[in-house]
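S.K.: As they're listed, the protein sequences go chains E and H. Sequential numbering from 1316 applies to the first sequence in my numbering. Sequential numbering from -12 applies to the second sequence in my numbering.
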Amino acid sequence: MRPKHLGTGRTLLAVFVSLLLALAVGGPDAAAQPSLKVGIIHLGSINDAGYNQAHAEGVQIMKRNLPGVEVIQVENVPEGADAERVMENMIRQGARLIIAASFGYLEPALRVAQKYPDVKFVHPGGYKRAPNLTTYWASTPEAFYLMGIAAGRTTKTNKLGYVVALPISFFLANVNAFELGARSVNPKAETRVVFTGGFLDPAKEAAAAGALLEQGVDVLGVIVDSPITVVQAAEKRNAYSVGYHYIGAQKFAPKGWISGIAFTWGELYTRFAKQVMDGTWKSENILGGLGDDYLTIAPFGPAVPPEAVKLVNTRKSELVSGKLQVFQGPLRDNKGVERVKAGEVFPLTELRKMDWLVEGVVGQAR
Amino acid sequence: MIGTVRSLLSGAILSGTPLLYATLAEVVSERAGIVNLGLEGVMLMGAVVGFITMVQTGSAAAALVAGALAGALFNLLFAFVVITRRANQLASGLALLFCGVGLSALIGSPYIGSRVAGLPEIRIPGLAELPLVGGVFFQHDGLVYASGPIAVLVWWVLFHTRWGLHLRAVGENPTAAFAAGKSPAALQFQALFIAGLLGGIAGVHLSLGPAKTWAEWMTAGRGFIAVALVIFSKWHPLRAIGGALVFGGAISLQLQLQALGVPVSPFLLDMLPYLLSLALLAAWGGARRHAAPGSLGRVFQRSD
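1. Beta-carbon separation of serine -6 of chain H and glutamate 1529 of chain E under 8 angstroms?
2. Between the C-alpha atoms of leucine 302 of chain H and isoleucine -11 of chain H, what's the straight-line distance to the nearest angstrom?
3. Less than 8 angstroms between CB atoms is the rule here; does methionine 205 of chain H satisfy it with respect to chain E?
4. Buried or exposed: which applies to glycine 168 of chain H, given that a residue is buried once 16 or more other Cβ atoms fall within 10 Å of its Cβ?
5. Looking at the structure shown, is serine 1556 of chain E part of a helix, part of a strand, or coil, going by DSSP?
6. Classify glutamine 241 of chain H: buried if its beta carbon has 16 or more other beta carbons within 10 angstroms, exposed otherwise.
7. Could you tell me the boundaries of the beta strand (DSSP E) in which valine 1478 of chain E lies?
8. Which bits of chain E does glycine 295 of chain H rub up against, with CB to CB less than 9 angstroms?
9. Measure the Cβ-Cβ separation of glutamate 27 of chain H and leucine 84 of chain H and say whether it is below 8 angstroms.
10. For valine 14 of chain H versus proline 224 of chain H, is the C-beta distance shorter than 8 angstroms?
11. Output the distance between the C-alpha atoms of proline 1432 of chain E and leucine 1412 of chain E, rounded to the nearest integer angstrom.
12. Going along the chain, which residues of its own chain have a beta-carbon closer than 6 angstroms to the beta-carbon of glycine 1359 of chain E, five neighbours each way excluded?
13. What ranges does the beta strand (DSSP E) occupy inside the segment 16 to 64 of chain H, keeping only unbroken runs of at least 3 residues that lie completely in it?
14. Between the segment 1442 to 1462 of chain E and the segment 1492 to 1499 of chain E, can you find at least three pairs of beta-carbon atoms closer than 8 angstroms?
15. In the DSSP assignment, find the unbroken beta strand (DSSP E) run with glycine 1679 of chain E in it and report its ends.
16. What I want to know is whether the C-beta of isoleucine 1562 of chain E ends up closer than 7 angstroms to one or more non-hydrogen atoms of the ligand COA.
17. At 8 angstroms on the CB atoms, spell out the chain H contacts of isoleucine 1543 of chain E, in chain order.
18. Only counting the same chain, and skipping five residues up and downstream in sequence, which positions put a Cβ closer than 7 angstroms to that of tyrosine 1451 of chain E?
19. Does any residue of chain E have a CB that is nearer than 8 angstroms to the CB of serine 170 of chain H?
20. Less than 7 angstroms between C-beta atoms, sequence neighbours within five positions excluded: which residues of the same chain meet that for serine 101 of chain H?
21. Leaving out five residues on either side along the sequence, give the residues of the same chain with a beta carbon under 7 angstroms from the beta carbon of valine 1276 of chain E.
22. Just reading off the alpha helix (DSSP H) that aspartate 1363 of chain E is part of, what are its end residues?
23. Does arginine 1654 of chain E pass the burial test, meaning 16 or more other C-beta atoms within 10 Å, or should it be called exposed?
24. Scan the segment 1589 to 1644 of chain E and note each continuous alpha helix (DSSP H) run of 4 residues or more that stays entirely inside, going in chain order.
25. Return no unless some Cβ of chain H is closer than 8 angstroms to the Cβ of alanine 1345 of chain E.
26. Can you tell me which of the three DSSP states isoleucine 188 of chain H falls into?
27. Could you tell me which of H:Ile188, H:Ser239, H:Trp143, H:Gly230 sits nearest to leucine 265 of chain H, measuring between CA atoms?
28. Within the chosen definition, does the segment 208 to 226 of chain H reach the segment 36 to 53 of chain H through at least 3 CB pairs nearer than 8 angstroms?
29. Between isoleucine 1543 of chain E and the rest of its own chain, which residues show a CB-CB distance below 7 angstroms, the 5 nearest in sequence each way excluded?
30. My guess is that glycine 208 of chain H and leucine 31 of chain H are in contact by the Cβ rule of under 8 angstroms, so how many angstroms apart are they, rounded?
31. Let me check understanding here. Comparing Cα to Cα, which of H:Ala279, H:Ala213, H:Thr4 lies closest to glutamate 159 of chain H?
32. Just list the residues that DSSP pairs arginine 1407 of chain E with in beta bridges.
33. Please say whether alanine 1466 of chain E and valine 1534 of chain E have beta carbons closer to each other than 8 angstroms?
34. Identify the continuous alpha helix (DSSP H) that holds tryptophan 142 of chain H and give its terminal residues.
35. Please name the residue, chosen from H:Ala53, H:Ala92, H:Thr44, H:Asp257, that lies closest to leucine 185 of chain H on a Cα-to-Cα basis.
36. Determine the extent of the alpha helix (DSSP H) in which serine 1454 of chain E is found, giving its start and end residues.
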């Protein structure tokens, strides 16, 4: 039998240690550091190797940058009344900044924002604002244009392909930008596009990739939730691939990887949290792009010729400085209709209205 | 042109394979008198457990066995509710579906983004090199080759063995089967176990076939398509082969037409498989009224 006093001694020691810890954590140091509770809601799962994971990783980086920040994170929240309830619940738990991380959370966030004017809200891709709701997004066509340059210089068949979830304007704009980039270095390059009808159907994405490869396409890009299936399908058939959302997709295509585009929200979220803590936060409409730290281009794979990488970097600085525009007229759509007049530019802020596919893209926008 | 036809056929076979296994699962279940709307949940369990097993062991065979067993065990849960507890089959089936969606998402989430080799492609020596047809028919994973023979096996067991006769008797009229000394409950449990195995295999092909990835709810409605294909194939395992190929072919065709650049709306093309199903059902609708098992969906109450 174990002597009883030893047990008591241990208990005392434990109490002593906890007291010390409590002093260390709750001491004057911690009090001096401003603290903030941030709530974030996700439509899907935070390790989807795609859209949701990018936001979740952003929040992790914010936490690392600002140790005083506490995060309440809820996944798989349906858009609508459920989202409102979850946000209100977070506010009751003390959240002062809410990240409503899906496009469909805009209306619920606006309603909750009206009810709680002291709480700050941020929403990705929103087209309406409130005095306490900021919208933010990174415009992607410029990055797709650069991918097109790399793909246009890498392809051997001059046939590029895109597997895309749905023909919505932002995705059409990305495919158009990709084709324009490819054609800027390779006038013979065409881009074939196949829509799968959904964001998450890997078996169908594999079939779509197969159909494109059979047409002689040797570079495959992808705009669905997760690029893994299409990137692997390309690699298996010795084709090249361009990723989206998830930079880690490179490990699925060590030979054929060209590059990819991903959102890196960490620094932006850190700025939001800092602004809320020091009272400088204000309602804005932030539309970033290539020059900002929340849109990242993945490292280029071995298949891309070095001179192409150099060219991409040159074009990148021209795009950032405004010297080069992606949608510079004259532009015709793939039915022959003039869409942008010579000397005019289709602005990146109006992408919502882009309902056509540019000349050189094989596919139907509607 | 020849390339397009080849791609269309091999796409039809690949898209049709998981549908065929799922349809066979539902045929066995419904022949025993039980409608299982939760088949999609069973497939998801097979898909996720198969995928996790492949990540952990690297063995496709182990993944197949584990995925099939996971589907079977999950379907036994449904069996307990609808056979032992005599709950409503439609409501229980839908509950099983959402349970499967949630459970598979939960256990699969640490494995999203994992890399697997997937089911190995088996080239049939001598045949795979044939011009034109070689790549279409003789260069697939093992589950593709096995699907046809398994359909024949299911047909043989259902229609040419005593066990199959008893099973169908239970589906037609459990009271008569009971009077003849058979236990409807035992036979139905066995049927749902086998259906679960087949549904699990369908799931394994989805996650470890061409897609080689796990994603939440990656069945994307195929469980329900299979339930429709059962009606389409008149509850017959051999007709299920045709049904799965026609539907798989329609999916493949619409993607193929898009890749070719045919000037038809992608929205319209996406409806193609469903329009085709509606057209075929409308054309043959009346002829299949008497094909359904007599006691499908009914709860058997022993009067003792």
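All C-beta atoms, glycine included, are put in the ideal place defined by N, C-alpha and C.
M.R.: Answer, in terms of the structure:
1. To locate residue -6 of chain H, count along the second sequence from 1; it is residue 7. To locate residue 1529 of chain E, count along the first sequence from 1; it is residue 214. Taking 8 angstroms as the Cβ cut-off, serine -6 of chain H and glutamate 1529 of chain E qualify as a contacting pair.
2. Because chain H here runs from -12 to 291, residue 302 of chain H falls outside it and cannot be looked at.
3. Your numbering for residue 205 of chain H matches position 218 in the second sequence. Methionine 205 of chain H counts as touching chain E.
4. For the purposes of this step, residue 168 of chain H is identified with residue 181 of the second sequence, where counting begins at 1. Glycine 168 of chain H should be labelled exposed.
5. As a first step, residue 1556 of chain E is located in the first sequence; it is residue number 241 there, counting from the start. Serine 1556 of chain E sits in a strand when the DSSP states are folded into three classes.
6. In the second sequence, counting from the first residue as 1, residue 241 of chain H sits at position 254. With 16 or more other Cβ atoms within 10 Å, it is buried.
7. Taking the first residue of the first sequence as 1, we reach residue 1478 of chain E at position 163. Note, valine 1478 of chain E: beta strand (DSSP E), 1474 to 1479.
8. For chain H, the structure presents residues -12 to 291; residue 295 of chain H sits outside this window and is missing.
9. Along the second sequence, read from residue 1 onward, the residue named residue 27 of chain H stands at position 40. Along the second sequence, read from residue 1 onward, the residue named residue 84 of chain H stands at position 97. In contact: glutamate 27 of chain H and leucine 84 of chain H (Cβ atoms closer than 8 angstroms).
10. As a working mapping, residue 14 of chain H is identified with position 27 in the second sequence. As a working mapping, residue 224 of chain H is identified with position 237 in the second sequence. Cβ distance < 8 angstroms, so valine 14 of chain H and proline 224 of chain H count as in contact.
11. Sequence index remark: in the first sequence, residue 1432 of chain E carries index 117 (1-based). Sequence index remark: in the first sequence, residue 1412 of chain E carries index 97 (1-based). Those two C-alpha atoms are separated by around 11 angstroms.
12. In the first sequence, the residue the question calls residue 1359 of chain E occupies position 44. Correct list, in chain order: Asn1367.
13. none
14. yes
15. Here the question's residue 1679 of chain E lines up with position 364 in the first sequence. Here residue 1679 of chain E is glutamine; the residue named in the question, glycine, does not match the sequence. Counting along the chain, glutamine 1679 of chain E falls outside any beta strand (DSSP E), and DSSP gives it neither H nor E.
16. The ligand COA is absent from the structure shown, which contains no ligands of any kind.
17. Here the question's residue 1543 of chain E lines up with position 228 in the first sequence. In chain order: Gly100, Lys199, Thr200.
18. By one-based count along the first sequence, residue 1451 of chain E stands at place 136. Excluding positions up to five away in sequence, the list reads Val1437, Pro1439, Leu1583, Ile1601.
19. Along the second sequence, one-based indexing puts residue 170 of chain H at 183. Taking Cβ atoms only, chain E never reaches closer than 8 angstroms to serine 170 of chain H, which makes this a no.
20. Stepping through the second sequence from its first residue, residue 101 of chain H is reached at position 114. Only Val42 meet the Cβ criterion.
21. The displayed coordinates of chain E run from 1316 to 1681. Any statement about residue 1276 of chain E would go beyond what the structure contains.
22. Counted from its first residue, the first sequence places residue 1363 of chain E at position 48. Careful: aspartate 1363 of chain E lies outside any alpha helix (DSSP H) and carries neither H nor E.
23. Here residue 1654 of chain E is taken as the residue at index 339 of the first sequence, counted from 1. Result: buried.
24. You should have 1621 to 1636.
25. As a position in the first sequence, residue 1345 of chain E is number 30, starting the count at 1. Only weak support is given to the placement of alanine 1345 of chain E: the predicted model assigns it a pLDDT of 44, under 50, and the value that follows is read from those uncertain coordinates. Answer no: the Cβ-Cβ gap between alanine 1345 of chain E and chain H never drops below 8 angstroms.
26. Position 201 of the second sequence holds residue 188 of chain H. Helix at isoleucine 188 of chain H.
27. Stepping through the second sequence from its first residue, residue 265 of chain H is reached at position 278. Considering only alpha carbons, the answer is H:Gly230.
28. no
29. Start at 1 with the first residue of the first sequence, and residue 1543 of chain E comes out as number 228. Ala1364, Ala1564, Phe1567, listed in sequence order.
30. Counting from 1 along the second sequence, the entry for residue 208 of chain H is found at position 221. Counting from 1 along the second sequence, the entry for residue 31 of chain H is found at position 44. Contact flag wrong, Cβ pair sits at about 12 angstroms.
31. Locating residue 159 of chain H in the second sequence gives position 172, counting from the first residue. Considering only alpha carbons, the answer is H:Ala279.
32. Looking up residue 1407 of chain E in the first sequence gives position 92. DSSP, once it has assigned bridges, lists no residue as partnering arginine 1407 of chain E.
33. Here residue 1534 of chain E refers to the residue found at position 219 of the first sequence. Here residue 1466 of chain E refers to the residue found at position 151 of the first sequence. Contact flag set, yes.
34. Your numbering for residue 142 of chain H matches position 155 in the second sequence. Tryptophan 142 of chain H -> alpha helix (DSSP H) spans 129 to 147.
35. Residue 185 of chain H sits at position 198 when you count from the first residue of the second sequence. When each option's Cα is compared against that of leucine 185 of chain H, the closest is H:Ala53.
36. Locating residue 1454 of chain E in the first sequence gives position 139, where the first residue counts as 1. From DSSP, serine 1454 of chain E is part of no alpha helix (DSSP H); its letter is neither H nor E.
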